[in-house]
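A quick write-up on the structure given underneath.
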Amino acid sequence: MYLAQYPRRQYTEGYTPIEKLERLTAAVGGANIYIKRDDLLGLTGGGNKTRKLEFLVADALRQGADTLITCGGIQSNHCRLTLAAAVKEGLKCRLIVSEITPGSYHIGAGGNVFLYHLLGAEDIKVIPWGSDIIAEMEQTAAKAIEEGCKPYIIPMGGSNALGALGYVACAEEIMQQAFFMGMPIDHIVVACGSAGTYSGLLFGLRGNNCHIPVSGISVLNSQEVLQNRIIDIFTEIADYLNSNVQIPSEAVTCFDEYLGDGYTIPTAAMIEAVKLVARTEGILLDPTYTGKAMAGLIDLIKKGYFKKDANVLFLHTGGSPGLYANMSLFL
Numbered sequence: 580m581y582l583a584q585y586p587r588r589q590y591t592e593g594y595t596p597i598e599k600l601e602r603l604t605a606a607v608g609g610a611n612i613y614i615k616r617d618d619l620l621g622l623t624g625g626g627n628k629t630r631k632l633e634f635l636v637a638d639a640l641r642q643g644a645d646t647l648i649t650c651g652g653i654q655s656n657h658c659r660l661t662l663a664a665a666v667k668e669g670l671k672c673r674l675i676v677s678e679i680t681p682g683s684y685h686i687g688a689g690g691n692v693f694l695y696h697l698l699g700a701e702d703i704k705v706i707p708w709g710s711d712i713i714a715e716m717e718q719t720a721a722k723a724i725e726e727g728c729k730p731y732i733i734p735m736g737g738s739n740a741l742g743a744l745g746y747v748a749c750a751e752e753i754m755q756q757a758f759f760m761g762m763p764i765d766h767i768v769v770a771c772g773s774a775g776t777y778s779g780l781l782f783g784l785r786g787n788n789c790h791i792p793v794s795g796i797s798v799l800n801s802q803e804v805l806q807n808r809i810i811d812i813f814t815e816i817a818d819y820l821n822s823n824v825q826i827p828s829e830a831v832t833c834f835d836e837y838l839g840d841g842y843t844i845p846t847a848a849m850i851e852a853v854k855l856v857a858r859t860e861g862i863l864l865d866p867t868y869t870g871k872a873m874a875g876l877i878d879l880i881k882k883g884y885f886k887k888d889a890n891v892l893f894l895h896t897g898g899s900p901g902l903y904a905n906m907s908l909f910l
């Protein structure tokens, strides 16, 4: 796909590595586990949102914006990386963060909350979980305009058609790496929250006539809600690119049984998965996204969902700063 026509910032030099997790594969048994290290992407702390922000921030700059506005949970990796991109570009940044537990946002919360302050967010507005966060961003933008600023709103997770181009590009990167490694990829597994990463990845594969199945492990929504959201974003990408690439609903595979009691709420399987990967591979996952996704991958392998000799690629979407806000879970 020809993405060079779209403005894009560059926050990472080269490709993120694909590594075989030899010791984890031996510990779990079954399929060969590989990992795509998007936790090593550029900007503070790395993570998948960096790819999306390369396109979103380029669009903000093209429009002459001087202030980025976005939203997320109190330990939002997306908010951290949007703020980091703003710092790198000399822009201001205002955040709207929502609390699941009242009073959980405070300077001593650690993790990404600490980084919001260290990176110098211009303003952080805390709202209750379930509030109309889109309306809150629009109100924040209106206030910024009144103050003489030129705001640019980035949706939660950077998950719109433009942001998803980051993972259309990533799909092409993965295909090139697999070719040069001489390694067929039989399946890809990724955490799914706002669904932009999955949608872009699937579009990039299908748009290049590559039919590697992608399984999403939900960390936020039910399987039905997530699948519908993915199809919506996939369609938005096709419209944005003026492409006739389509996706049958049966090609969208999601699992919600590893979500537990909800977004950010720990599960025993997540804790064990984070510990296992740390102690076999020296790689840090996070408690909200990749920990639950890895727990799902391990369980699917043990259930025989993948062939024993299959090469399964786990997309590491980052988020390790969240560990430092949840240290007691792992001690």
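First residue of the sequence shown: 580, per my numbering; consecutive thereafter.
Each residue gets a CB set at the ideal place from its N, CA and C atoms; glycine is no exception.
Because the structure is a prediction, the values reported are computed rather than measured.
Separation of P827 from E815, as counted between CA atoms: 15 Å
So, for E851: in the same chain, excluding its five sequence neighbours on each side, which residues have a beta-carbon less than 8 Å away from its beta-carbon? A874
Enumerate, from N- to C-terminal direction, the unbroken beta strand (DSSP E) stretches of 3 or more residues contained entirely within the stretch 730-808. 730-732, 766-771 and 793-797
Can you tell me the Cβ-Cβ gap for E715 and K671, rounded? I've got them flagged as a contact below 8 Å. At roughly 17 Å, the Cβ-Cβ gap does not stay under 8 Å, so E715 and K671 are not in contact.
Per-residue burial, F758 [other beta carbons within 10 Å of its own, 16 or more giving buried]: That one is exposed.
N- and C-terminal bounds of the beta strand (DSSP E) containing I706: D702 to P707
Terminal residues of the alpha helix (DSSP H) in which F634 lies: K628 to R641
Who are the near neighbours of G737 in its chain, counting only those whose CB is closer than 7 Å to its CB and skipping five residues on each side? K628, K631, L632, L635, H657 and G775
Looking only at its own chain, which residues have a Cβ that is under 7 Å from the Cβ of L698, when we skip the five neighbours before and after it? T623, L662, A663 and V666
Tell me the rounded alpha-carbon separation between P734 and A743. Linking P734 to A743 through their CA atoms gives a straight-line distance of about 11 Å.
Anyone know if the C-beta pair for P900 and R659 falls short of 8 Å? yes
On the criterion of 16 or more Cβ atoms from any shown chain inside 10 Å, does M849 qualify as buried, or is it exposed? Label assigned to M849: buried.
In its own chain, which residues sit with a C-beta less than 7 Å from the C-beta of L908, not counting the 5 before and 5 after it? Contacts found: P845, I850 and P866.
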